[in-house]
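Asks: Here it is, the structure, as structure tokens.
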Amino acid sequence: MRAEPPPRPSPLSYAERPATKVPNWHGLVVLDVLFNNLSTGLYLCAAVGELLAPAAFAGVAPWAYRAALAFLVADLVCLILDLGDPLRFHHMLRVWKPSSPMSLGTWALVGYSLAVGLLATAGLLPGAAAFDAGRRVLVLAGMVPALAVALYKGVLFSTTAQPGWREARWLGAFLVNSAFHFGAALTLVLAGLLRQQDAVAGLRAAAVALGLLHLGALLLVVFDIAPFLRAVRSPARLVELGLVVVGAGILLPMLCFSLGSRGGDLLGLAAMLAGGIMARDELVHLPHRLQHAAGGAAARLRA
């Protein structure tokens, strides 16, 4: 009697299936990450400009801090709505645990909000002249929590057990570089609208240089998560993502900023926003798509 051939190994064995439950994170988290980068990037670029070239950035920095505060408020609204209970953010302040990205990020948000709030409203409050004496100290001190706020979400994602996120070890570096790139572009557009030409030339050069760093950090993240992207996206879709995220989100803005025109600056910023939203959407929903792909493969095997 001829022996039966051994069963073929399943292409989706138990060990290969995601063992985690994906978080209920969707569009609000995408906007949360985006507004986080816009706010901290604006603050950091304005702060660096004000500290290194105070005369050139005297007319730009106050408005940059106000815009950064507006983006921060939008970020906090998205964060609290996503948490589902406004008191959850307050409850996290009961604990100080710097080894936890969540705890450190919560306290960094508090410190950053105080710094950017004071700087944004300083000129509107009585006694503003007296405040100017300690302004540089506050600007410098606020850079520490601002940098932590820009960084912590990437570290938080990469320290979870979610497949795709846990492999993205360069995600924190990518979000920090993205924040600086967005900040330079936003400050450049703001300086152009305010006709602060002394700041415009330096900001254009910075926006182009930061685009190269942004691209390098993005490629490191893509290298980390490439197997997962190939598992959930067709080759044609990956090409489309590359064209939008890299082409429109980084390379096109660098070209636009090099043109030296206000229209080019606005076009470059708009392209950056489009690419940035798509990159963050793809990142936030990667575990969801992996779970969906695993479920579809299991259903086909059962059939």
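Numbered continuously in this note's numbering, the sequence shown closes out at residue 285. Cβ coordinates follow ideal geometry from the N, Cα and C atoms, glycine included.
Tell me the rounded alpha-carbon separation between Gly165 and Met254.
Replies: Their Cα atoms are separated by approximately 11 Å.
Asks: Mind checking whether Leu54 and Val12 have CB atoms under 8 Å apart?
Replies: No, they are not a contact pair.
Asks: Residue ranges of each alpha helix (DSSP H) run of no fewer than 4 residues wholly in the region 168 to 240, ordered along the chain?
Replies: With a minimum length of 4 residues, the continuous alpha helix (DSSP H) runs that stay inside the region 168 to 240 are 179 to 214, 217 to 224, 234 to 240.
Asks: What is the DSSP secondary structure of Lys79, reduced to helix, strand or coil?
Replies: It is coil, neither helix nor strand.
Asks: Are the CB atoms of Thr22 and Ala187 within a distance shorter than 8 Å?
Replies: Not in contact: Ala187 and Thr22 (Cβ atoms no closer than 8 Å).
Asks: Can you give me the start and stop residues for the alpha helix (DSSP H) that Glu264 sits inside?
Replies: From DSSP, the alpha helix (DSSP H) with Glu264 extends over 244 to 266.
Asks: Let's test the definition: count the other Cβ atoms within 10 Å of the Cβ of Gly242 and tell me whether it reaches 16, buried, or not, exposed.
Replies: With fewer than 16 other Cβ atoms within 10 Å, it is exposed.
Asks: Relative to the C-alpha of Val126, which residue among Val158, Ala150, Glu149 is closest?
Replies: When only C-alpha atoms are compared, the closest one is Val158.
Asks: If you measure between the beta carbons of Pro145 and Pro269, is that distance less than 8 Å?
Replies: Cβ distance < 8 Å, so Pro145 and Pro269 count as in contact.
Asks: Thinking C-beta only, is Asp206 closer than 8 Å to Ala132?
Replies: It is not a contact, given that the beta carbons lie outside the stated cut-off.
Asks: Give every residue of the same chain whose Cβ lies closer than 6 Å to the Cβ of Pro235, excluding the five residues on either side of it in the sequence, and list them in chain order.
Replies: Excluding sequence neighbours, Pro235 sits near Gly250, Ala253, Met254.
Asks: When the distance is taken between beta carbons, is Phe162 closer than 8 Å to Leu26?
Replies: The answer is yes: Cβ separation under 8 Å.
Asks: With distances taken between CB atoms, is the gap from Glu373 to Val121 smaller than 8 Å?
Replies: No answer is possible for residue 373: it lies beyond the span of the chain, which begins at -17 and ends at 285.
Asks: Counting C-beta neighbours from all protein chains within 10 Å, is the total for Gly193 16 or more, i.e. buried, or is it exposed?
Replies: The residue is buried, with at least 16 neighbouring Cβ atoms inside 10 Å.
Asks: By Cβ distance below 8 Å, which residues in the same chain neighbour Trp45 in space, the five residues on each side in sequence not counted?
Replies: Hits under 8 Å: Leu172, Leu176.
Asks: At which residues does the alpha helix (DSSP H) containing Gly41 begin and terminate?
Replies: Segment: none, Gly41 is in no alpha helix (DSSP H) and carries neither H nor E.
Asks: Could you tell me how far apart the beta carbons of Leu153 and Val203 are, in whole angstroms, since I believe they sit closer than 8 Å?
Replies: Yes, they are in contact, since the Cβ atoms of Leu153 and Val203 sit about 6 Å apart, within 8 Å.
Asks: Can you give the beta carbon distance from Leu138 to Met84, rounded, assuming they're within the 8 Å contact cut?
Replies: With a Cβ gap of about 6 Å, Leu138 and Met84 count as contacting.
Asks: According to DSSP, is Val4 part of a helix, a strand, or is it coil?
Replies: Val4: coil per DSSP, three-state reduction.
Asks: Helix, strand or coil: which one does DSSP assign to Trp152?
Replies: Reduced to three states, the DSSP call for Trp152 is coil.
Asks: To which residues of the same chain is Arg117 closer than 8 Å at the C-beta, ignoring the five residues directly before and after it?
Replies: Excluding positions up to five away in sequence, the list reads Leu101, Ala104.
Asks: Less than 8 Å between C-beta atoms, sequence neighbours within five positions excluded: which residues of the same chain meet that for Gly231?
Replies: Excluding residues within five positions, the ones whose Cβ falls inside 8 Å are Ala253, Met254, Ala256, Gly257, Gly258, Met260, Ala261.
Asks: Quick check on this structure: which residue in Ala218, Ala90, Ala167, His196 has the alpha carbon closest to the alpha carbon of Arg244?
Replies: Answer by Cα proximity: Ala167.
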